[in-house]
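Structure first, commentary second.
Chains as they are written, first to last, in the working numbering: chain X, -7 to 238; chain P, -7 to 238.
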């Protein structure tokens, strides 16, 4: 009897934002796989989950994924990425370890912060797994994304009625101006590297007072900053986003 | 001692996608408030929740909100909406009932399908409540949105790496073409009324095969339709969305 692979969104950081299904599937899994490479990724995911579920006796597979290379990970560049033999070998190695455990009859839970369909490495792995084991039993379990959690913490409705929302990494400043003109709400991800440019553009467009920055929503050191002109660069990190609500 | 108001995202329909916090707060609330007016809204929200939490002995407040009038609910039209005395009276009536219970020391849980920040009536109520009771203790608890759940069920990554996503109600066909050109992924909400136009536009743009339709993700009668040209109008309802992944 083969086991199953569960790709589990564990939510934004507050252990109480795990779903009932996430807790159940983690309990049913002898093996947990956590992506390593993202800032604090591995230890953070495990430290969130272990506040809700005992991890005693579970095997941990740390998957070393090239999370930092976001520039090379758009759809068009998948070929380029796969051409890099070292990265490709890392992916295959993780996929093989997971496949082995599943063939032995164990369930494997791949833990991902937030939701598996929003900026999660799971889908890179998924592609590899499907190639190695097309018949593998895989269940993707959605979670509370950091976008929704940040809006809740800042008490902002992202969309109401017939409104439109765009989510984009903040390094697309060209797209940002057009998006700000077209959409009712814009969520900027990964703002920590380009904050000054964002503040300048929003000020030019008269929208800087419509922006709020949320860092580490739902975590112990959460910050909500209502005047983004006052942000100090060191307050921000990988888990910071800005919501602009027109 | 005053009670608290909890605005709770109960997820897309599968009771196991309630968060631990949602279950805890519902247990702590003597009063549940559910919006009525959306197709199947009230009975659906309660029927999902009661599979995870006993509702025995809880008071149910049905809030009659003007959900169908989505055209009039954009930010610019809030004034127009508020000018309608009948609707305004309905909102105030619900806000007053909630305020009364909270002043009596009870907790009230406002249940919303999906996530409270994504197309939820909660934020209309929130505005009224803040006016009546600026010091009310309000906690907004994010949930798994139907967008994330639909992508998980269809096994589609919404965004990876540096990709951009737009979410828009399907009746904006003008915006749709521009969005399809700019964004990596587009989620079209409320597609049941304008399906033929969407199929025509996506076919013209050579994108119809990149689209998948998910109806009632995670519910017992969920449907995932990979060729949207084959959809029969009667298969769709308010809870249907289309994901276009370029």
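Backbone N, C-alpha and C fix where the C-beta goes; we use that ideal spot for every residue, glycine too.
From this set, the options, which residue's C-alpha is nearest residue i's C-alpha?
| i | options | result |
| --- | --- | --- |
| residue 42 of chain P | P:136, P:172, P:93, P:7 | P:7 |
| residue 236 of chain P | P:206, P:213, P:2, P:103 | P:206 |
| residue 22 of chain X | X:10, X:28, X:161, X:46 | X:46 |
| residue 97 of chain X | X:232, X:-4, X:202, X:209 | X:-4 |
| residue 107 of chain X | X:91, X:120, X:87, X:138 | X:138 |
| residue 85 of chain P | P:99, P:103, P:111, P:120 | P:120 |
| residue 53 of chain X | X:187, X:26, X:226, X:200 | X:26 |
| residue 44 of chain P | P:55, P:166, P:5 | P:5 |
| residue 213 of chain P | P:149, P:202, P:229, P:169 | P:229 |
| residue 24 of chain P | P:36, P:10, P:103, P:143 | P:103 |
| residue 218 of chain X | X:202, X:210, X:224 | X:202 |
| residue 117 of chain P | P:148, P:56, P:171, P:227 | P:56 |
| residue 159 of chain P | P:148, P:147, P:172 | P:172 |
| residue 211 of chain P | P:37, P:186, P:16, P:17 | P:37 |
| residue 224 of chain X | X:109, X:200, X:188 | X:188 |
| residue 209 of chain P | P:231, P:194, P:226 | P:231 |
| residue 87 of chain P | P:109, P:115, P:111 | P:115 |
Does residue i get closer than 7 Å to chain X when you measure Cβ to Cβ?
| i | result |
| --- | --- |
| residue 157 of chain P | yes |
| residue 140 of chain P | yes |
| residue 161 of chain P | yes |
| residue 102 of chain P | no |
| residue 46 of chain P | no |
| residue 243 of chain P | The structure shown does not extend to residue 243 of chain P, since chain P spans only -7 to 238, so no value can be given for it. |
| residue 115 of chain P | yes |
| residue 127 of chain P | no |
| residue 280 of chain P | This structure leaves residue 280 of chain P out entirely; chain P is present only between -7 and 238. |
| residue 107 of chain P | yes |
Is it right to say residue i is buried, meaning 16 or more other beta carbons lie within 10 angstroms of its own, or is it exposed?
| i | result |
| --- | --- |
| residue 176 of chain X | buried |
| residue 71 of chain X | Here the model assigns residue 71 of chain X a pLDDT of 47, short of 50, so the residue's position is not dependable, and the following value carries that caveat. Looking at its Cβ environment, which holds fewer than 16 other Cβ atoms inside 10 Å, residue 71 of chain X is exposed. |
| residue 81 of chain X | exposed |
| residue 192 of chain P | exposed |
| residue 39 of chain P | exposed |
| residue 178 of chain P | buried |
| residue 19 of chain P | exposed |
| residue 68 of chain X | In this predicted model, residue 68 of chain X has a pLDDT of only 46, less than 50, meaning its place in the structure is not dependable; the value taken from the coordinates is given anyway. By the 10 Å Cβ count, residue 68 of chain X comes out exposed. |
| residue 198 of chain P | exposed |
| residue 153 of chain X | buried |
| residue 126 of chain X | exposed |
| residue 249 of chain X | In the structure as shown, chain X starts at -7 and stops at 238, and residue 249 of chain X therefore has no counterpart that could be examined. |
| residue 170 of chain P | exposed |
| residue 157 of chain P | buried |
| residue 35 of chain P | exposed |
| residue 234 of chain P | buried |
Please report the distance separating the alpha-carbon of residue i from that of residue j.
| i | j | result |
| --- | --- | --- |
| residue 182 of chain X | residue -7 of chain X | 42 Å |
| residue 1 of chain X | residue 83 of chain P | 35 Å |
| residue -2 of chain P | residue 123 of chain X | 45 Å |
| residue 151 of chain P | residue 113 of chain X | 10 Å |
| residue 95 of chain P | residue 220 of chain P | 51 Å |
| residue 101 of chain X | residue 135 of chain X | 14 Å |
| residue 196 of chain P | residue 190 of chain P | 10 Å |
| residue 62 of chain P | residue 50 of chain X | With a pLDDT of 39 at residue 62 of chain P, under the threshold of 50, the modelled position of that residue is not reliable, and no figure is offered here. |
| residue 133 of chain P | residue 14 of chain P | 7 Å |
| residue 130 of chain P | residue 142 of chain P | 29 Å |
| residue 12 of chain P | residue 10 of chain X | 6 Å |
| residue 105 of chain X | residue 166 of chain X | 28 Å |
| residue 239 of chain P | residue 48 of chain P | The displayed coordinates of chain P run from -7 to 238. Any statement about residue 239 of chain P would go beyond what the structure contains. |
Taking only beta-carbon positions, decide if residue i is within less than 7 Å of chain P.
| i | result |
| --- | --- |
| residue 19 of chain X | no |
| residue 9 of chain X | yes |
| residue 203 of chain X | no |
| residue 13 of chain X | yes |
| residue 111 of chain X | yes |
| residue 87 of chain X | no |
| residue 26 of chain X | no |
| residue 143 of chain X | yes |
| residue -6 of chain X | no |
| residue 223 of chain X | no |
| residue 137 of chain X | yes |
| residue 80 of chain X | no |
| residue 219 of chain X | no |
| residue 154 of chain X | yes |
Quick one: give me the first and last residue of the alpha helix (DSSP H) that residue i is part of.
| i | result |
| --- | --- |
| residue 135 of chain X | Premise fails: residue 135 of chain X is in no alpha helix (DSSP H) and is neither H nor E. |
| residue 277 of chain X | This structure cannot settle anything about residue 277 of chain X, because the visible part of chain X is limited to -7 through 238. |
| residue 54 of chain P | Segment 51 to 56 is the beta strand (DSSP E) holding residue 54 of chain P; no alpha helix (DSSP H) there. |
| residue 170 of chain X | 165 to 174 |
Start and end of the beta strand (DSSP E) containing residue i?
| i | result |
| --- | --- |
| residue 19 of chain P | Per DSSP, residue 19 of chain P belongs to no beta strand (DSSP E); it is in the alpha helix (DSSP H), 12 to 19. |
| residue 215 of chain P | 215 to 217 |
| residue 1 of chain X | -4 to 1 |
Quick one: list the residues of chain C neighbouring residue i, beta-carbon separation under 7 Å, in chain order.
| i | result |
| --- | --- |
| residue 147 of chain P | The displayed structure is made up of protein chains X and P, and chain C is not among them. |
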